[in-house]
Amino acid sequence: MIPSIKIKKTEVLSDNWYTLRKITFDIEQKDGSWITQSREAYDRGNGAVILLYNIANKTVILTEQFRMPTYHNGNPTGMLIEACAGLLDEDNAEDCIKRETEEETGFRITEVKKIYEAYMSPGSVTEILYFFVAEYDKSQQVSEGGGVEGEHENIEVLELSFEKALNMITTGEIKDAKTIMLLQYIRLKNIL
Numbered sequence: 001m002i003p004s005i006k007i008k009k010t011e012v013l014s015d016n017w018y019t020l021r022k023i024t025f026d027i028e029q030k031d032g033s034w035i036t037q038s039r040e041a042y043d044r045g046n047g048a049v050i051l052l053y054n055i056a057n058k059t060v061i062l063t064e065q066f067r068m069p070t071y072h073n074g075n076p077t078g079m080l081i082e083a084c085a086g087l088l089d090e091d092n093a094e095d096c097i098k099r100e101t102e103e104e105t106g107f108r109i110t111e112v113k114k115i116y117e118a119y120m121s122p123g124s125v126t127e128i129l130y131f132f133v134a135e136y137d138k139s140q141q142v143s144e145g146g147g148v149e150g151e152h153e154n155i156e157v158l159e160l161s162f163e164k165a166l167n168m169i170t171t172g173e174i175k176d177a178k179t180i181m182l183l184q185y186i187r188l189k190n191i192l
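Under UniProt numbering, the first residue of the sequence shown is numbered 1, with each subsequent residue one higher.
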């Protein structure tokens, strides 16, 4: 059964970095009765993520950077190894991920393959993340990467063997869900 929903009230709790709203709504139950609930939804916009892979060398490109929420939740250094990602802003997902790839990794890619899209934390965050993969080689490297200076990004670019990256999931060195999903996609599809 798909429940009927009636929005009663939407309040903006914070509009500092992104927007946090409290939404009060009536929702129809299976028995036909209605109850009132309130939920908070964090709207940071939609994003895109990509895993670059090299078939000949059996390598992948990942990034490492400081992530305050992980530090706040028990990551002693706050550093997180991730696939390249970014917010769409006004771009479509493909244009966004091409731009982010060049800014963060230094690789200018022209061909990307969208593999799926997913809500990453649907209980509290509105974001849909668009997942991509693309083959890369050294001839596509146009800079050192590292992010956009004006955005105060301090991103380290990592080129790792695919097997090492997979093992880093098991050892806990890679804990980022989107990155784990992309590495497992490469494994499941026998790309490397």
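The beta-carbon is built from N, C-alpha and C at its ideal position, and this holds for glycine as well.
Computed from a prediction, not measured in an experiment: that's the story for all the values here.
Item: Top-ranked residue by Cα proximity to residue 195, from 78, 186, 175, 172; Value: Within the shown structure, residues of the chain are numbered from 1 to 192, placing residue 195 beyond reach of any answer.
Item: Boundaries of the beta strand (DSSP E) in which residue 135 is found, first to last residue; Value: 128-135
Item: Rounded C-alpha distance that separates residue 94 from residue 48; Value: 8 Å
Item: Cβ pair residue 162, residue 186 closer than 9 Å; Value: yes
Item: As assigned by DSSP and simplified to three states, the class of residue 79; Value: strand
Item: Touch test, the stretch 96-108 against the stretch 140-148, Cβ-Cβ under 8 Å, three pairs minimum; Value: yes
Item: Distance between beta carbons of residue 81 and residue 166, contact taken as under 8 Å; Value: With 8 Å as the limit, residue 166 and residue 81 do not qualify as a contact, their Cβ atoms being about 12 Å apart.
Item: 9 Å Cβ cutoff met for residue 3 and residue 28; Value: yes
Item: Beta-bridge partners of residue 54, as assigned by DSSP; Value: 59
Item: Cβ-Cβ separation, residue 85 to residue 178 (assumed contact under 8 Å), whole Å; Value: 6 Å
Item: Enclosing alpha helix (DSSP H) for residue 29 [first to last residue]; Value: From DSSP, residue 29 is part of no alpha helix (DSSP H); its letter is neither H nor E.
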